[in-house]
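Here the structure comes first, spelled out in structure tokens, and everything after it is commentary.
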Ligand SMILES: [Fe+2]
Ligand SMILES: [Fe+2]
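In full-length UniProt numbering, the protein residues as written are 1 to 335.
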């Protein structure tokens, strides 16, 4: 089969040792994540008391109101609405985020199954990816049930975007590494937003709070899997493929973060939010841009760590508006 092989030099022997060591550490992580999925998971129709009077959704409940620290919530236009309308706008936004989240996770599940379809026997990823697909199935039901209970005509991604998004499940056939960048591109901004909401010190509706807590707990495993997968695979890619991945990743991440964090068009139309207000709070506001940059911070650091960022690919990060230099001790963060 194969001809001559060179006598192993001490360097290659050592590299192989390191590979085996990191390979078995990687395998141990995947097995730990699989076990955790069995030990700690939730089912929406068993673990959420949807019909408990405390959990019913009233669109005029003041707990849906956007806080003053929110860019729209603090705007004089919003503050000038009636309390009922302020609550409705807040609920509309939460529900839209869940609808877009469940659409993204639908694409994600199909992609995971396309990835798992080709996995060889004995691969530890197979079991974990099935656990993840099942959990995402539960998330989809949980988010859709919430949307249904608002009674609002909530729409997800805009039509043309939704059409383009249909390519996502096929990405694993081209590059599994790019697929897991796409996964982080959706999961990290959602996680970022949900963690911020839970930490904002306000009284939340118990249904919203329960859904977010379940989601954050299970997503932590999904994010961990994607990160370990990329850490394990990317450094071993051929240089030309790694450069290509480095160029495409910031485009995917920049687009995904905007899809996840953009103001819902249907909400703007329904509540007749003036264009000047929308521009002020979502487009011109430096805080909005910071929010987008921050929501991909963890993935950006991972990309730097695994060798996807160099002088060339950094330009793409800048163009996409999601670049921020890692903060070194003792000097201010450069732009
Ligand atoms: Fe999820
Ligand atoms: Fe997930």
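Every residue gets a Cβ at the ideal spot worked out from N, C-alpha and C, and that includes glycine.
- Taken atom to atom, the span from the alpha-carbon of residue 306 to that of residue 143 is near 34 Å.
- At a cut-off of 4 residues, the continuous stretches assigned as alpha helix (DSSP H) that sit fully inside the stretch 180-266 are 206-233, 239-261.
- According to the DSSP assignment, residue 143 belongs to the alpha helix (DSSP H) that extends over 124-150.
- Nearest to residue 30 by alpha-carbon distance, out of 68, 92, 130, is 130.
- For residue 119, the secondary structure class from DSSP, reduced to helix, strand or coil, is coil.
- In the three-state DSSP reduction, residue 284 falls in the coil class, being neither helix nor strand.
- With 6 Å as the limit, the residues whose C-beta approaches any heavy atom of ligand 2 more closely are 136, 187, 219, 222, in sequence along the chain.
- Following the DSSP letters along the chain, one finds residue 77 inside the alpha helix (DSSP H) bounded by residues 76-79.
- Set against 7 Å, the gap from the CB of residue 75 to the closest heavy atom of ligand 1 is not smaller.
- For residue 52, no alpha helix (DSSP H) encloses it, and the DSSP letter there is neither H nor E.
- Taking the C-beta atoms as reference points, residue 176 is found no nearer than 8 Å to residue 95.
- DSSP, read as helix, strand or coil, puts residue 166 in coil.
- Around the beta carbon of residue 170, fewer than 16 other beta carbons sit within 10 angstroms, so the residue counts as exposed.
- Burial of residue 78 is indicated by the presence of at least 16 other C-beta atoms within 10 angstroms of its C-beta.
- Within the same chain, no Cβ atom closer than 6 Å to the Cβ of residue 163 is found once the five residues on either side in sequence are excluded.
- Cα atoms of residue 257 and residue 51: separation of roughly 34 Å, rounded to the nearest angstrom.
- CA-CA distance, residue 87 to residue 267, rounds to 13 Å.
- In this structure, residue 185 and residue 252 form a Cβ contact; the two beta carbons are roughly 5 Å apart against a cut-off of 8 Å.
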